[in-house]
Amino acid sequence: YSRDKNTHGQAYFRTENVLSNTKGVLNSLGKYYKYPAKVPPMVWLSDSIPDKPHSISAERNEDGLFELSWESVHKDSRVTYNVYRSETDDFSKDNAHYIIATGLKETYYSYYAENNDLAYYYYITVSDSFNNESDISTPAFFYHSDIVK
């Protein structure tokens, strides 16, 4: 509805009803919000951009779990990390299509990625406590395949 009416957001006041999937609300949200969303920056409080993460590592462990890890100069517990994935090295962090995780508190991310013979670039950004997002990191490239190429 909000997209049809060109509004700029929505609010739900009974989170319990969403999370408990009352009347299938939680299931239906997946149809409307296909990609994760980032919290908008509060530039009126601070407009400084945090330093980007570095030393990104991408590997698959023996259990088939794909693992990303990185280093950050930020020791503040209020910073969060965003993970992006793209088939090319030319992408925009403003396009939600590339987001695979937001709001991470740790300097690692893991998930089960299928071996689909596709190669991806993985990028990381850091957001400070005002949601100001850093520039994208230098990417980590990973080829998802059991066959050595």
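Quick note: the sequence shown uses our numbering, first residue 11, plus one each step.
Note that the Cβ used here is the ideal one computed from N, Cα and C, for glycine as well.
Quick caveat, the model's predicted, so the values are computed rather than measured.
Checklist line | Element boundaries [alpha helix (DSSP H), containing Thr25] | finding: Working through the sequence shown from its first residue, we reach residue 25 at position 15. Start and end: Thr25 to Leu29.
Check: DSSP state of Gly40, grouped into three classes?
Finding: Numbered from 1 along the sequence shown, position 30 holds the residue referred to as residue 40. Gly40 falls in the helix class under three-state DSSP.
Note to self: Counting C-beta neighbours from all protein chains within 10 Å, is the total for Asp92 16 or more, i.e. buried, or is it exposed?
What the structure shows: Locating residue 92 in the sequence shown gives position 82, where the first residue counts as 1. Residue identity differs from the one stated: residue 92 is Asn in this sequence, not Asp. Buried: at least 16 other Cβ atoms inside 10 Å.
Next item on the list: For the stretch 78 to 128, list the beta strand (DSSP E) runs that are entirely contained and at least 3 residues long, ordered along the chain.
Entry: 90 to 96, 109 to 114 and 118 to 122
Item checked: For Val136, three-class secondary structure by DSSP -> Taking the first residue of the sequence shown as 1, we reach residue 136 at position 126. Val136 falls in the strand class under three-state DSSP.
Item checked: Own chain residues within Cβ distance below 6 Å of Ala111, not counting five before or after -> Stepping through the sequence shown from its first residue, residue 111 is reached at position 101. Once the five neighbours on either side are set aside, the close Cβ partners of Ala111 are Val93 and Tyr119.
Next item on the list: Could you pull out every residue in the same chain whose Cβ sits closer than 8 Å to the Cβ of Asp86, ignoring the five residues on either side in sequence?
Entry: As a first step, residue 86 must be located in the sequence shown, where it is residue number 76. Apart from sequence neighbours up to five positions away, the residues of its chain that approach Asp86 with a beta-carbon distance below 8 Å are Asp138 and Ser139, ordered along the chain.
Next item on the list: Following the continuous beta strand (DSSP E) through Ala68, name the residue where it begins and the one where it ends.
Entry: Along the sequence shown, one-based indexing puts residue 68 at 58. Segment His64 to Arg70, the beta strand (DSSP E) holding Ala68.
Margin query: Bridge partners for Leu75 per DSSP, in chain order?
Written below: Working through the sequence shown from its first residue, we reach residue 75 at position 65. Answer is Tyr122.
Notebook entry, point to check: Which whole-angstrom value is the C-beta distance of Ser147 and Trp80, which I expect to be below 8 Å?
Noted result: Counting from one through the sequence shown, the residue named residue 147 turns up at place 137. Counting from one through the sequence shown, the residue named residue 80 turns up at place 70. Between Trp80 and Ser147 the Cβ distance is about 7 Å, and since that is below 8 Å, they are a contact.
Check: Out of curiosity, what's the CA-to-CA distance linking Asn125 and His154?
Finding: Within the sequence shown, the letter at position 115 stands for residue 125. Within the sequence shown, the letter at position 144 stands for residue 154. Approximately 5 Å between the Cα atoms of the pair.
Check: Can you give the Cα-Cα distance for His64 and Thr32, rounded to whole angstroms?
Finding: The count along the sequence shown starts at 1 and reaches residue 64 at position 54. The count along the sequence shown starts at 1 and reaches residue 32 at position 22. Taking the straight line joining both Cα atoms gives about 42 Å.
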